[in-house]
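Undergrad:
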Amino acid sequence: MSTRFPIARLALRSIASRRASAALTCCAVALSVLLVLGVQEMRESARQSFASTIAGTDLLVGPRTSGVNLLLYAVFRIGQPSNNVSWQSYERFAAAPGVDWSIPLSLGDSYRGHAVVGTTEAYFRHFRYGRDSRLEMTAGQAFGAGTEAVLGAAAARELDHDVGDEIVIAHGLGATSFLKHDRHPVTVTGILAPTGTVADRAVYVSLATLDRVHETATPSFAPAPADDGGHDHGTAAESGEITAFLLGLESRVQVLRLQRTINEYADEPLTAVIPAVALFELWSVIGVAENALLAVGALAVLTGLVGMLVAILGTLNERRREMAILRSVGARPRQVFLLLVSEAGLLAGAGALLGVALKTAVLGALASPIQTRTGILLESVWPGSAEAVVVAVVTAAGLALGALPAWRAYRNSLADGMTIRL
Amino acid sequence: MMHDATQNGPPPVLAATRLRFGWQPSAPLLDIPALAIAPGEKVLVRGASGSGKSTLLNLFAGILTPVTGTVSLLGTDLSALRGAERDRFRAEHLGIIFQLFNLLPYLPVLDNVLLPCRFSARRLARARASDGSEEAAAHRLLAELGLPDAAPASAAQLSIGQQQRVAAARALIGNPEIVIADEPTSALDEDSRAAFLALLQEECERVNATLIMVSHERSLEPLFDRVIPMRELTGGTP
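Dropping the structure here:
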C-alpha cells in the first residue's frame with residue numbers, strides 16, 4: 001500500500017479549481033500544436049502528392065533549362081516553358097536503342113482554365129502515377145484520330161462534361177483567352193479515373209488535334225496539313241515542336257548513359273532529367289520555406305507554452321499559502337516542485353492532445369475541399385506516430401518550462417516553511 | 001559537549017538549549033537558555049504579534065535552524081537531521097494548525113484531513129491502528145470535533161470555525177506526539193474560541209499529545225497547564 005500522495009492527483013485537483021484559466025492555457029497550446037501539425041501535414045501531403053504525380057518515367061526531356069524548372073512546367077504544370085523541343089529530336093530519342101516507350105507532351109493551351117495537354121495515346125498506355133498505377137478510364141476511351149479529347153476526372157467534374165460533349169480549346173493559358181479556336185470543336189471521348197494528382201485537372205488531346213485547332217488561330221505556327229482530318233496522328237506534329245517528352249527505358253542501367261547522350265546532343269540543346277532526382281532538388285529548394293513555416297509553428301508552440309508559464313508564475317504568489325499548508329502536512333520541497341512541474345506537464349499535455357484532436361477534426365473536414373482545389377490528397381488525417389511525437393515533445397517542453405515556477409515555489413517553500421505570508 | 005542535567009521524570013518532548021536565532025547576529029530575535037516541555041503538557045506561548053512567535057514555531061518545527069544551540073524533539077536533535085529527514089520527522093510527529101485558511105480549497109474536507117496520512121507512512125499506520133482505516137479516523141475526529149456529516153464536503157464552503165475544526169482534525173490524525181497551533185482561535189468569536197480550545201485539548205489529552213500553542217490573548221491563559229511569556233524567550237527584550 002503506497003503512502004505517497006499521488007502528486008499528479010493533487011495537480012489535477014488544483015488545475016480543476018482554476019479551470020477557466022487552465023482551459024485558456026490549454027487552448028493556446030492546442031492552437032499552436034494545430035498550426036505545427038497542420039503545416040507538417042500539408043508538407044507531407046504535398047510531397048506525397050508531388051512524388052506520386054509521376055512514376056515509372058526514367059527520363060524527362062525538354063529544352064535546355066534547369067531540371068527543377070523542366071519538372072515544374074512539364075509535369076506539375078507550374079510556370080511556362082521558355083522553349084520547345086523539335087519533333088525531330090523527339091523522334092530521334094524515342095527511337096533510340098533501349099527506349100521502351102515515349103510520350104510527347106505539348107502544353108500551352110487551355111480550356112476554361114484547365115491545361116490542355118497535347119500527347120499521343122501512348123500517354124494512356126504508359127503513363128504511371130502513385131505507386132506505379134496506370135491511368136484508367138471511368139467512361140469512354142482514349143482519343144483516336146479524330147478531333148477528340150479525354151478529360152481528367154477533376155476537369156470533367158468541374159466543367160460538367162461527359163463523353164460526347166463538344167468543347168472549344170483556347171490558345172494560351174487562363175480561363176479567358178482572346179484567341180479561341182472556334183472552328184474546331186473537340187469531342188470528348190473519354191474521362192479518366194481520379195488519380196489525386198495534377199493529371200486530374202487536364203484536358204488531353206492528340207498532337208494532331210492540337211495542330212488542327214492551331215491552324216485557324218495561328219496559321220503560321222504550324223503549316224497546315226494537306227488534308228483536313230483523317231490523317232495519322234503525329235504527322236501534323238512532325239513539322240512542329242513539342243514542349244517535352246517522357247521516356248521509359250527497357251533497363252534502368254541505361255538511364256544515365258542515355259541522359260548524358262541527350263544532354264550532349266549536338267543538334268539541339270536539350271535537358272534530360274531523372275524525375276526523382278529533379279524532385280529531390282525541388283525539395284531542397286522548397287525545404288527552406290517549409291522549414292521556415294515549421295519554425296514559425298515551433299515558435300507558436302513556444303509562445304503557447306510561455307503563456308502557460310506566465311499563467312503559472314502569476315498564481316505562485318497567491319499559492320504560497322497552499323505550499324505552506326502542504327509543507328505543514330509533510331510535503332517536502334521536492335514534492336512542491338513536483339506538484340508544479342506536473343501541473344505544467346498536465347496543461348501542456350492536455351493542450352497538445354486537444355491540438356491533435358483539433359487537427360484531426362479540421363483536416364477531416366477540409367480533406368475533401370483541399371483535394372478538389374489543389375489535387376493534394378491529405379495522407380494521414382488520423383493521428384499517427386508524428387502526432388505522438390509532437391504530444392510527447394510539447395509535454396516534455398511543458399515539464400521543462402514548468403521547472404521554472406516549480407523552482408521558485410521550491411525556493412519559496414524552503415524560505416517560507418510553514419509560515420504563511422500574505 | 002554541554003549537556004543539561006535534566007531532572008528525573010519522562011524525557012521532554014521538546015527541549016531547546018542555548019538557542020539563539022536572529023536575522024542579524026548582533027540582535028538575536030530569540031534567546032532561549034533552556035526550555036523543556038514534558039509529554040502531554042499543554043503550553044501557551046503568549047506574546048504580542050511581531051514578537052517572534054512564528055519564528056519560534058518554525059524553529060520548533062525544524063523549518064528554521066537556530067544560529068546557535070539546539071532544538072530536540074522527542075530526543076532527536078533537529079539540527080543533526082538533513083533537510084529531507086527533518087521534513088519526514090515533522091510529517092510523522094507534528095500536527096500543525098494555522099491561524100487561518102488551513103485548508104486546500106480544491107480538496108474535499110475528507111481529503112484535507114487525510115493529507116498527513118498521504119505524506120507520512122507512520123501517521124497512516126497509526127491512524128489505521130487506532131480506527132481501522134484512515135478514513136474512519138478522519139470521520140471520527142471530525143465527529144468528535146463537532147463537525148456534522150451534514151457540513152459541506154467542499155473545504156471552500158466551510159465557515160471559519162468549521163475550517164479550524166477540520167484543521168484540528170488534520171493535525172490530530174495519526175496521533176502525532178506534538179500539536180503546534182499558531183493563533184488558531186484568533187479568527188473565532190468568544191464562544192467558539194472556548195469551545196474550539198476545549199475540543200482541541202480534549203483530543204490532545206486522549207492521545208497524550210503535547211499541545212504547544214502561541215497566542216496573544218491573555219484570556220486563554222487559565223486554560224493551559226503552563227504559560228510561557230514570549231518575553232522570556234527573547235532575552236529580555238519585549
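If you read the protein sequences in the order shown, they are chains C and V.
Each step along the first sequence adds one to the number in the working numbering, with nothing skipped, and position 302 is 302.
Each step along the second sequence adds one to the number in the working numbering, with nothing skipped, and position 14 is 14.
The beta carbon of each residue, even a glycine, is placed where N, CA and C say it ideally should be.
Nothing here was measured: the structure is a model prediction, and the numbers come from that model.
1. Hey, how far is the Cα of A272 of chain C from the Cα of V186 of chain C?
2. Below 8 Å between beta carbons: does that hold for G62 of chain C and A51 of chain C?
3. Going by Cα to Cα distance, which pick from C:L299, C:D109, C:V391 is closest to P81 of chain C?
4. Could you tell me how far apart the beta carbons of G146 of chain C and Q254 of chain C are, in whole angstroms, since I believe they sit closer than 8 Å?
5. Please say whether G402 of chain C and T25 of chain C have beta carbons closer to each other than 8 Å?
6. Using 8 Å as the cut-off, can you tell me whether the stretch 321–335 of chain C makes contact with the stretch 354–369 of chain C, which would need three or more C-beta pairs spanning the two stretches below that distance?
7. Quick check on W382 of chain C: does DSSP put it in helix, strand or coil?
8. Out of C:G190, C:A350, C:L313, C:T261, which has the shortest C-alpha to C-alpha gap to R92 of chain C?
9. Along chain C, which residues have their Cβ under 7 Å away from the Cβ of R90 of chain V?
10. What are the complete beta strand (DSSP E) segments, minimum 3 residues, inside the stretch 67–152 of chain C?
11. Bridge partners for K42 of chain V per DSSP, in chain order?
12. From the beta carbon of R13 of chain C, is the nearest beta carbon of chain V less than 8 Å away?
13. Less than 8 Å between CB atoms is the rule here; does A276 of chain C satisfy it with respect to chain V?
14. Establish whether the CB of E318 of chain C and some CB of chain V are separated by less than 8 Å.
15. For the alpha helix (DSSP H) holding G83 of chain V, just list the boundary residues, first then last.
16. With the cut-off set at 8 Å, would you say V36 of chain C and A298 of chain C are in Cβ contact?
17. Name, please, each residue of chain V whose Cβ falls closer than 9 Å to the Cβ of A16 of chain C.
18. Whose C-alpha, out of C:F143, C:R157, C:T303, C:K359, is nearest the C-alpha of T120 of chain C?
19. Which runs of the alpha helix (DSSP H) fall wholly inside the stretch 88–135 of chain V and span at least 4 residues, in chain order?
20. With R18 of chain V as the anchor, note down where its beta strand (DSSP E) starts and where it stops.
21. Y204 of chain C bridges to which residues according to DSSP?
22. Could you name the residues of chain C that R165 of chain V contacts, counting a contact when the two beta carbons are closer than 9 Å?
23. Mind pulling the chain C residues with CB within less than 9 Å of N175 of chain V?
24. Label G52 of chain V either buried or exposed according to how many other C-beta atoms from any shown protein chain fall within 10 Å of its C-beta, with 16 as the threshold for buried.
25. Taking 8 Å as the cut-off, decide whether the C-beta atoms of A193 of chain C and M137 of chain C are in contact.
26. Leaving out the 5 sequence neighbours to the left and right, which residues in its chain are closer than 8 Å to D162 of chain C when beta-carbon positions are compared?
27. What separation, rounded to the nearest whole angstrom, lies between the Cα atoms of S89 of chain C and G196 of chain C?
28. Using a Cβ-Cβ cut-off of less than 8 Å, list which residues of the stretch 112–130 of chain V approach chain C; keep chain order.
29. Using beta carbons (cut-off 8 Å, strictly below), is I96 of chain V in contact with chain C?
30. Could you have a look at D182 of chain V and say whether DSSP puts it in helix, strand or coil?
31. Kindly confirm or deny that the stretch 73–86 of chain V and the stretch 157–167 of chain V touch, where touching means at least three C-beta pairs closer than 8 Å.
32. Hey, is F21 of chain V's beta-carbon within less than 8 Å of any beta-carbon in chain C?
33. Distance cutoff 8 Å, beta carbons only. Does A153 of chain V sit that close to anything in chain C?
34. If V203 of chain C sits next to V117 of chain C, beta carbons under 8 Å apart, how far is it from one beta carbon to the other, in whole angstroms?
35. Skipping 5 residues on each side, what residues in its chain have a beta carbon closer than 6 Å to that of T6 of chain V?
TA: The structure says:
1. By one-based count along the first sequence, residue 272 of chain C stands at place 272. By one-based count along the first sequence, residue 186 of chain C stands at place 186. When rounded, the distance between both Cα atoms is 32 Å.
2. For the purposes of this step, residue 62 of chain C is taken as residue 62 along the first sequence, with counting starting at 1. For the purposes of this step, residue 51 of chain C is taken as residue 51 along the first sequence, with counting starting at 1. Result no, Cβ atoms of G62 of chain C and A51 of chain C do not sit closer than 8 Å.
3. Within the first sequence, the letter at position 81 stands for residue 81 of chain C. When the alpha-carbon of P81 of chain C is set against those of C:L299, C:D109, C:V391, the nearest one is in C:D109.
4. Counted from its first residue, the first sequence places residue 146 of chain C at position 146. Counted from its first residue, the first sequence places residue 254 of chain C at position 254. Actually they do not touch by this definition, with Cβ atoms about 36 Å apart.
5. Residue numbering aside, residue 25 of chain C sits at position 25 when the first sequence is read from its first letter. Residue numbering aside, residue 402 of chain C sits at position 402 when the first sequence is read from its first letter. No, they are not a contact pair.
6. No, the stretch 321–335 of chain C is not in contact with the stretch 354–369 of chain C.
7. For the purposes of this step, residue 382 of chain C is identified with residue 382 of the first sequence, where counting begins at 1. Coil, per DSSP.
8. Translated into positions along the first sequence, residue 92 of chain C becomes position 92. The candidate whose alpha carbon is nearest that of R92 of chain C is C:T261.
9. Here residue 90 of chain V corresponds to residue number 90 of the second sequence, with the count starting at 1. Result: G330.
10. If we require 3 residues or more, the beta strand (DSSP E) runs fully inside the stretch 67–152 of chain C come out as 99–111, 114–119, 137–140, 148–151.
11. Numbered from 1 along the second sequence, position 42 holds the residue referred to as residue 42 of chain V. DSSP lists V:L211 as partners of K42 of chain V.
12. On the first sequence, residue 13 of chain C is found 13 positions in, with the first residue counted as 1. Chain V contact via Cβ: present.
13. For the purposes of this step, residue 276 of chain C is taken as the residue at position 276 of the first sequence. False, the Cβ-Cβ gap to chain V never drops below 8 Å.
14. For the purposes of this step, residue 318 of chain C is identified with residue 318 of the first sequence, where counting begins at 1. Cβ-Cβ to chain V under 8 Å: no for E318 of chain C.
15. Here residue 83 of chain V is taken as the residue at index 83 of the second sequence, counted from 1. It spans 83–93 - the alpha helix (DSSP H) in which G83 of chain V sits, taken as one unbroken run.
16. Taking the first residue of the first sequence as position 1, residue 36 of chain C is located at position 36. Taking the first residue of the first sequence as position 1, residue 298 of chain C is located at position 298. Yes, the pair counts as a contact, with Cβ atoms nearer than the cut-off.
17. To locate residue 16 of chain C, count along the first sequence from 1; it is residue 16. Here the neighbours are Y106.
18. Within the first sequence, residue 120 of chain C is the residue found at index 120, counting from 1. Answer by Cα proximity: C:F143.
19. Counting only unbroken stretches of 4 or more residues, the alpha helix (DSSP H) elements lying wholly within the stretch 88–135 of chain V are 109–119, 121–131, in sequence order.
20. Here residue 18 of chain V is taken as the residue at index 18 of the second sequence, counted from 1. Going by DSSP, R18 of chain V is part of the beta strand (DSSP E) stretching over 14–21.
21. Numbered from 1 along the first sequence, position 204 holds the residue referred to as residue 204 of chain C. When DSSP reads this structure, Y204 of chain C sits in a beta bridge with C:V117, C:V150.
22. Start at 1 with the first residue of the second sequence, and residue 165 of chain V comes out as number 165. In chain order: nothing, as chain C lies at least about 16 Å away.
23. Mapped onto the second sequence, residue 175 of chain V falls at position 175. At a beta-carbon threshold of 9 Å, none of the residues of chain C lie near N175 of chain V; the nearest stands roughly 14 Å away.
24. By one-based count along the second sequence, residue 52 of chain V stands at place 52. The residue is buried, with at least 16 neighbouring Cβ atoms inside 10 Å.
25. Translated into the one-based positions of the first sequence, residue 193 of chain C becomes position 193. Translated into the one-based positions of the first sequence, residue 137 of chain C becomes position 137. The answer is yes: Cβ separation under 8 Å.
26. For the purposes of this step, residue 162 of chain C is identified with residue 162 of the first sequence, where counting begins at 1. Cβ neighbours of D162 of chain C within its own chain (closer than 8 Å, five residues either side excluded): A139, A156, V188, I191.
27. The residue given as residue 89 of chain C occupies position 89 in the first sequence. The residue given as residue 196 of chain C occupies position 196 in the first sequence. For S89 of chain C and G196 of chain C, the distance between alpha carbons rounds to 32 Å.
28. Those would be L115, P116, C117, R118, F119, S120, A121, R123, L124, in chain order.
29. As a working note, residue 96 of chain V is residue 96 in the second sequence. Closer than 8 Å: yes.
30. Residue mapping note: residue 182 of chain V aligns to position 182 of the second sequence, counting from 1. Collapsing the DSSP output to three states places D182 of chain V in a strand.
31. Touching, no, given that fewer than three Cβ pairs across the two stretches are closer than 8 Å.
32. If you number the second sequence from 1, residue 21 of chain V lands on position 21. Taking Cβ atoms only, chain C never reaches closer than 8 Å to F21 of chain V, which makes this a no.
33. Locating residue 153 of chain V in the second sequence gives position 153, counting from the first residue. By this cut-off, A153 of chain V is not an interface position.
34. Residue numbering aside, residue 203 of chain C sits at position 203 when the first sequence is read from its first letter. Residue numbering aside, residue 117 of chain C sits at position 117 when the first sequence is read from its first letter. That belief holds up - the Cβ atoms of V203 of chain C and V117 of chain C are roughly 7 Å apart, short of 8 Å.
35. Residue mapping note: residue 6 of chain V aligns to position 6 of the second sequence, counting from 1. Its pLDDT being 47, under 50, T6 of chain V is placed unreliably by the model, and the measurement read from it follows with that caveat. Counting only residues of its own chain and dropping the five nearest sequence neighbours on each side, T6 of chain V has no CB closer than 6 Å to any other CB.
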